[in-house]
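As structure tokens, the structure follows; a few thoughts come after it.
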Amino acid sequence: MFKQLLSGFFSNSDSLPITDVEQAIQSSNAVLLDVREIDEFASGHIPQAINQPLSQLDQFKGDKTKNYLIICQSGMRSQRATEYLKSQGYQAINIKGGMNAWTGGIA
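For this note's numbering, add 388 to where a residue sits in the sequence shown, where the first one is 1.
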């Protein structure tokens, strides 16, 4: 059922509530992409996240069959990254509130 909900978010919305992130990460087709800079990522990130700084996003070569959940510190950079990735043919959704809103574990 959640896969249907997630696919609905990807087709109907530009952002995913932070409360839905953990469940979305469990989806076998979801990849959590943290677009903060390397030093920000190193200071604490969601354990499953992969770092791809916004400043280097033009070098990203991801799997276009995956659904990308995009996070940054507050949601502003991730919104820009989401728009860029969509323009490149990726399925991407911004995570509302970013790391500022995250209450789960940190690596």
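Ideal placement from N, C-alpha and C gives every residue a C-beta, glycine not left out.
| query | result |
| --- | --- |
| Could you say which of Ala418, Gln411, Arg424 and Asp451 lies nearest to Asn488 if we only look at CA atoms? | Arg424 |
| If Ile458 and Asn439 are in contact, beta carbons under 8 angstroms, what's the gap, nearest whole angstrom? | Wrong, their Cβ atoms sit about 12 angstroms apart, outside the cutoff. |
| Taking all protein chains shown into account, decide if Met484 is buried (16 or more other Cβ within 10 angstroms of its Cβ) or exposed. | It is Lys, not Met, that sits at residue 484 in the sequence shown. Looking at its Cβ environment, which holds 16 or more other Cβ atoms inside 10 Å, Lys484 is buried. |
| Nearest to Ser443 by alpha carbon, out of Ala469, Thr491, Gly492 and Ser415? | Ala469 |
| Would you tell me roughly how many angstroms separate the C-alpha atoms of Ser403 and Glu428, rounded to the nearest one? | 22 angstroms |
| How big is the Cα-Cα spacing for Lys452 and Gln436? | 19 angstroms |
| Going along the chain, which residues of its own chain have a beta-carbon closer than 6 angstroms to the beta-carbon of Arg465, five neighbours each way excluded? | Val423 and Leu442 |
| Just to confirm before moving on: does the CB-CB distance between Ile413 and Leu421 stay below 8 angstroms? | no |
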